[in-house]
Amino acid sequence: LPYEPSLLATFLLAFGSACYQGSNIVPFSMGGRMAYFTLYFATFIMYNYYTSILLSTLLGTPVKSDIRTLGQLADSSLEVGLQPLPYTYVYLNASQLPEVRRFVHRKIEAKRHPGNVWMPMEEGVLRVRDEPGFVFVLETSQAYSFLERNFLPHEICDLNEVMLRPDKSLYTQLHKNSTYKELTRLRAVRIIETGVWRKHRRHWAKDKLNCVPSNYLFAVGMEYTAPLFLMLLFSFVLCLLLLGVELLTERLLEHRCRHVTEIWRSILAEDVMSN
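Per the working numbering, the sequence shown starts with residue 4, numbered consecutively.
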């Protein structure tokens, strides 16, 4: 007679196919073989989908903040610190731009101790590194070298830079009717054309941080592998429970068979004695 698997055997077969395991049961009918093919093809797609999602999550670029303007920073729930610089004081107190006033009201004036938001550059940069969600306003030309010494390459790439104020052209102050106005203009243009300004700019101030995306280091923590170990532990516990149920069922069946056998023996003995 053809073998007909039980419900438990069917469940174990489906679970084994999901775990990428084969089976010694080979169906003979066309419907059974089509069911086998559909089951293993579906589990194959699920397995590849899971591995692709896991790899894309581990190897993908970390998600960065979408804050790009001072107004978005003012509307966020991030904690802000500022480097005590004279022009930062003046800009925040004198500017009448709506986003600047909103930033001052929500991030400085709304604090219980507004003076605590002003801190040295070293303290603020280290808090950005050690406290996720902390924002520090600083002078980049002075802080870039300190950032490169205290941040790892992939941490530098994860930083999000927002302009506190828009770039403005600087002008030289002269008397309205000064005879040196044209001479000063020509000298400034000459300095820019010959590259002297760029040379001193590169020497005294850094324009950007060195971000090397290929140096990303991904630490695979227990949050990625814990579900697999929990599933394995659950499988062990389930197997032990099934083993205990099978042993208990076998003992109950043996006890019942022994009891039935004793009853039949007593009945047969009574029949023999009566005869």
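Where a beta carbon is used, it is the ideal one built from N, C-alpha and C, also for glycine.
Computed from a predicted model, the values in this text were never measured in an experiment.
* Cβ of LEU81 less than 7 angstroms from any chain B Cβ? -> Among the chains of the structure shown, chain B does not appear; only one protein chain is present.
* C-beta atoms of LYS171 and LEU177 nearer than 7 angstroms -> Against the sequence shown, residue 171 aligns to sequence position 168. Against the sequence shown, residue 177 aligns to sequence position 174. Against a cut-off of 7 angstroms, the Cβ pair of LEU177 and LYS171 comes out as no contact.
* Asked: Per DSSP, what kind of secondary structure is GLU82 in: helix, strand or coil?
  -> As a first step, residue 82 must be located in the sequence shown, where it is residue number 79. Three-state DSSP puts GLU82 in a strand.
* To do: For GLY127, count neighbouring Cβ atoms within 10 angstroms of its own Cβ and tell me buried if that reaches 16, exposed if not.
  => Against the sequence shown, residue 127 aligns to sequence position 124. With 16 or more other Cβ atoms from the protein chains shown falling within 10 Å of its own Cβ, GLY127 counts as buried.
* To do: Could you pull out every residue in the same chain whose Cβ sits closer than 8 angstroms to the Cβ of SER26, ignoring the five residues on either side in sequence?
  => Numbered from its first residue, the sequence shown carries residue 26 at position 23. Once the five neighbours on either side are set aside, the close Cβ partners of SER26 are LEU16, GLY19, SER20.
* To do: Determine the burial state of LEU85: buried for a count of at least 16 other Cβ atoms within 10 Å of its Cβ, exposed for fewer.
  => What you label residue 85 is simply residue 82 of the sequence shown in a count that begins at 1. Answer is buried; the Cβ neighbour count reaches 16.
* Asked: By DSSP, does VAL93 sit in helix, in strand, or in coil?
  -> Counted from its first residue, the sequence shown places residue 93 at position 90. Reduced to three states, the DSSP call for VAL93 is helix.
* From TRP207 to LYS114, what distance separates their C-alpha atoms? -> By 1-based counting over the sequence shown, the position of residue 207 is 204. By 1-based counting over the sequence shown, the position of residue 114 is 111. Straight through space, the alpha carbons of LYS114 and TRP207 are spaced by roughly 36 angstroms.
* Asked: Unbroken alpha helix (DSSP H) runs of length 4 or more, entirely within the segment 182 to 214: which are they?
  -> 184 to 197, 199 to 207
* To do: Compute the distance between the beta-carbons of PHE47 and ALA77, then report whether it is under 7 angstroms.
  => The sequence position of residue 47 within the sequence shown is 44, counting from 1. The sequence position of residue 77 within the sequence shown is 74, counting from 1. No, Cβ-Cβ distance for PHE47 and ALA77 is not below 7 angstroms.
* **Proximity winner among LEU11, ARG188, GLN145, relative to LEU88 (alpha-carbon distances)** => As a first step, residue 88 is located in the sequence shown; it is residue number 85 there, counting from the start. Per the Cα distances, GLN145.
* **Distance between beta carbons of PRO30 and TYR43, contact taken as under 8 angstroms** => Here the question's residue 43 lines up with position 40 in the sequence shown. Here the question's residue 30 lines up with position 27 in the sequence shown. Actually they are not in contact, since the Cβ atoms of TYR43 and PRO30 sit about 12 angstroms apart, beyond 8 angstroms.
* Identify the continuous alpha helix (DSSP H) that holds VAL131 and give its terminal residues. => Position 128 of the sequence shown, counting from 1, holds the residue named residue 131. Taken as a continuous stretch (DSSP letters only), the alpha helix (DSSP H) holding VAL131 covers 124 to 133.
* Asked: Across which residues does DSSP place TRP121 in a beta bridge pair?
  -> Within the sequence shown, residue 121 is the residue found at index 118, counting from 1. Partner(s): LEU85.
* Pull up the distance between the alpha-carbon of ASN180 and that of TRP121, whole angstroms please. => Numbered from 1 along the sequence shown, position 177 holds the residue referred to as residue 180. Numbered from 1 along the sequence shown, position 118 holds the residue referred to as residue 121. When rounded, the distance between both Cα atoms is 43 angstroms.
* To do: List the endpoints of the continuous alpha helix (DSSP H) containing PHE154.
  => If you number the sequence shown from 1, residue 154 lands on position 151. Careful: PHE154 lies outside any alpha helix (DSSP H) and carries neither H nor E.
* Asked: Per DSSP, what kind of secondary structure is PHE232 in: helix, strand or coil?
  -> Working through the sequence shown from its first residue, we reach residue 232 at position 229. Note: PHE232 maps to helix in three-state DSSP.
* Asked: To which residues does DSSP link PHE139 through a beta bridge?
  -> Stepping through the sequence shown from its first residue, residue 139 is reached at position 136. Per DSSP, GLY84.
* Asked: Are VAL138 and LEU167 close, meaning C-beta to C-beta below 7 angstroms?
  -> Taking the sequence shown and counting its residues from 1, the one referred to as residue 138 is at position 135. Taking the sequence shown and counting its residues from 1, the one referred to as residue 167 is at position 164. Result no, Cβ atoms of VAL138 and LEU167 do not sit closer than 7 angstroms.
* Asked: Got a sec, what are the start and stop residues for the alpha helix (DSSP H) ARG105 sits in?
  -> Residue mapping note: residue 105 aligns to position 102 of the sequence shown, counting from 1. 101 to 107 is the extent of the alpha helix (DSSP H) around ARG105.
* **Extent of the continuous alpha helix (DSSP H) run through PHE14** => Translated into the one-based positions of the sequence shown, residue 14 becomes position 11. Its alpha helix (DSSP H) spans residues 10 to 21.
* To do: Tell me whether LEU150 is buried or exposed, calling it buried when 16 or more other Cβ atoms sit within 10 Å of its Cβ.
  => Mapped onto the sequence shown, residue 150 falls at position 147. Buried is the call here.
* To do: Determine the contact status of LEU163 and SER79, defining contact as a CB-CB distance below 7 angstroms.
  => Residue mapping note: residue 163 aligns to position 160 of the sequence shown, counting from 1. Residue mapping note: residue 79 aligns to position 76 of the sequence shown, counting from 1. First, the amino acid is wrong: residue 163 is Asn here, not Leu. In this structure, SER79 does not lie closer than 7 angstroms to ASN163 by Cβ.
* To do: Note down the Cα distance separating LEU281 from VAL263, rounded to an integer number of angstroms.
  => Past the edges of the chain, shown from 4 to 278, lies residue 281, and the structure says nothing about it.
* Pick helix, strand or coil for LYS110, following the three-state DSSP scheme. => Position 107 of the sequence shown, counting from 1, holds the residue named residue 110. Reduced to three states, the DSSP call for LYS110 is helix.
* Between LEU212 and ILE159, is the Cβ-Cβ spacing less than 7 angstroms? -> The sequence position of residue 212 within the sequence shown is 209, counting from 1. The sequence position of residue 159 within the sequence shown is 156, counting from 1. Yes, these two residues count as a Cβ contact at 7 angstroms.
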